[in-house]
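Before any comments, here is the structure.
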Amino acid sequence: MSRFTIALDKTRNAYKFFSESLLGWDEHIDRGMPWQGEKDPYKIWLSEILLQQTRVQQGLSYYLNFVEAYPTVQDLAKAEDDEVFRLWQGLGYYSRCRNLLHTARFITNELDGVFPHSYDELLKLKGIGTYTAAAISSFAFGDLRPVIDGNVLRVISRFFGIEDPIDTKSGRNAISKLTKSCIEITDNSAAYNQAIMNFGAIQCTPKFPKCSNCPLVNYCKAYQLNLVSQIPIKSKKIKKRERYFVYFNIESNEHILIKKRTDRDIWQNLYELPMTELSTPFRNLESISENWAIPIRKELIESLNISTTFKQNLTHQKIIATYVDISLIESNELATKPYFWVSKSELDQYAFPKIILDFLKVRARQLGISY
0 MSRFTIALDK TRNAYKFFSE SLLGWDEHID RGMPWQGEKD PYKIWLSEIL
50 LQQTRVQQGL SYYLNFVEAY PTVQDLAKAE DDEVFRLWQG LGYYSRCRNL
100 LHTARFITNE LDGVFPHSYD ELLKLKGIGT YTAAAISSFA FGDLRPVIDG
150 NVLRVISRFF GIEDPIDTKS GRNAISKLTK SCIEITDNSA AYNQAIMNFG
200 AIQCTPKFPK CSNCPLVNYC KAYQLNLVSQ IPIKSKKIKK RERYFVYFNI
250 ESNEHILIKK RTDRDIWQNL YELPMTELST PFRNLESISE NWAIPIRKEL
300 IESLNISTTF KQNLTHQKII ATYVDISLIE SNELATKPYF WVSKSELDQY
350 AFPKIILDFL KVRARQLGIS Y
């Protein structure tokens, strides 16, 4: 339980001090983010979806590209899937992109292009959870509702001395009650929500927080108890599942063999090279001689080499991919569904997972071509 227990009158004073201090601090802050101060629910929704599990600086360029390509929800709704996935490429978590398209089309076709105004109605839209619904309802429609992201969890936990792990039900309930009490002190939920998120990003950072010039420091329980470096507390991390992929980079006459991922697995609807998944780490080609992604007659192979190994960390998985470069004399007999040949000069028209995109870029540099 939290060590921070004070009388009701002092609690209200603490909420008031906390909220007013944040709003005063934020008056002098301009992070230069194009979505800050935005009232268009479409652009707010777009920014929140793009920034999930993504660093702000990385997400910024994607946001600008999406707004330029699809300035309204109707523009996004009528876009081709492959076109949108190509623009999303490199951002990861591709289920977000699928949900983005689904919801854009639902709003356009079923709701006449108008976003729901209420939190509860927003939650009914595919891909919109409690955080995104709160952000849209607060920033676009003035709903007096806290928006709780990682920055908010950290700031609230430190100031109020929450020692329950923030990824547990008890920890989240405690923080939810406190954020609700703090926002109710204000009359501008959008300004408060933006202020506390800015404060966590700039002042009360995960590492090396600027406590020496913090406007909250005199009443911050984590600072008083010398627990700033320990709060917020998280439960023990779950070990990631390791998966071992062998990709076959099959080339012939300046073309590469690819296919579209259609299974309900990671990277659905993206493109990939022929691939075999192993249950154990890759050792050598002999160990997978009976398990190639696609059968190739030996007399067609001009050259064959084991290339680079790449790794990619996902939320619950770690992908370890080995690449096998194969150059063919003849290619016609391999062009059977779901595989097809694509010119190297046209690869940039297809959306690949980052782990393949990185390989293709390295391969292009080795060959002295651009990708």
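Numbering that gives the first Met the number 0 numbers the first residue of the sequence shown as 0 and each following residue consecutively.
Glycine residues also receive a C-beta, built at the ideal position from the N, C-alpha and C atoms.
Bear in mind that the values here come from a model prediction, so they are computed numbers and not experimental data.
A residue is called buried when at least 16 other Cβ atoms come within 10 angstroms of its Cβ; Asn-197 meets this threshold and is buried.
With a beta-carbon spacing of about 7 Å, Phe-158 and Lys-220 fall inside the 8 Å limit used to define contacts.
Following the DSSP letters along the chain, one finds Gln-311 inside the beta strand (DSSP E) bounded by residues 300-312. DSSP, reduced to helix, strand and coil, places Ser-251 within a strand of the structure shown. Put simply, the segment 132-151 touches the segment 38-48. At least three CB pairs are less than 8 Å apart. The C-beta distance from Tyr-62 to Pro-33 rounds to 7 Å, short enough to fall under 8 Å.
Around the beta carbon of Val-151, a 10 Å sphere encloses 16 or more other beta carbons of the protein chains shown; the residue is thus reported as buried. By the Cβ test, the segment 183-194 is in contact with the segment 140-148, since at least three Cβ pairs between them sit closer than 8 Å.
His-254 and Ser-306 have their alpha carbons spaced roughly 18 Å apart.
Ile-319 sits in a strand when the DSSP states are folded into three classes.
Put simply, the segment 236-247 touches the segment 269-284. At least three CB pairs are less than 8 Å apart.
Tyr-322 is not a Cβ neighbour of Ser-180, given a cutoff of 8 Å. CA-to-CA, the gap between Leu-50 and Asp-80 works out to about 20 Å.
Trp-340 sits in a strand when the DSSP states are folded into three classes. Restricting attention to alpha helix (DSSP H) runs no shorter than 4 residues, the segment 154-197 encloses them at 168-182, ordered along the chain.
Trp-340 and Lys-310 have their C-alpha atoms some 26 Å from each other. Among the bridge pairs identified by DSSP, Lys-258 is matched with Glu-271. In this structure, the CA atom of Trp-44 is about 12 Å from the CA atom of Cys-96.
Contact between Gln-88 and Leu-359 fails: their C-beta atoms lie close to 11 Å from each other, not under 8 Å.
Counted as a single uninterrupted DSSP element, the alpha helix (DSSP H) harbouring Tyr-61 occupies residues 55-68. DSSP, reduced to helix, strand and coil, places Arg-242 within a strand of the structure shown. In the displayed model, Glu-79 falls within coil according to three-state DSSP, outside both helix and strand. If you draw a straight line from the Cα of Ser-117 to the Cα of His-101, it is about 20 Å long. The beta carbon of Asp-74 is closer than 8 Å to those of Ala-68 in its chain, skipping five residues each way along the sequence. Inclusion of Val-66 and Ile-106 in the CB contact set at 8 Å is not warranted, their separation being larger than that value.
Glu-276 has Phe-244 as its beta-bridge partners, per DSSP. Within its own chain, the residues whose Cβ lies closer than 6 Å to the Cβ of Ile-230, once the five positions on either side in sequence are excluded, are Ser-156, Arg-157, Ala-221, listed in chain order. Boundaries of the alpha helix (DSSP H) harbouring Pro-40: 40-50, taken from the DSSP string. Note: Ser-326 is bridge-paired with Glu-250, Ser-302 in the DSSP secondary-structure output.
At least 8 Å separates the beta-carbon of Ile-182 from that of Ile-174. Setting aside the 5 residues that flank it on each side, Pro-205 is surrounded in the same chain by Arg-153, each with a C-beta closer than 7 Å to its C-beta; the list follows chain order. Straight-line measurement puts the Cα of Pro-208 at about 8 Å from the Cα of Val-227. Around Gly-112, the same chain offers Val-72, Gln-73, Ile-106 as residues with beta carbons nearer than 7 Å, after the five sequence neighbours per side are excluded.
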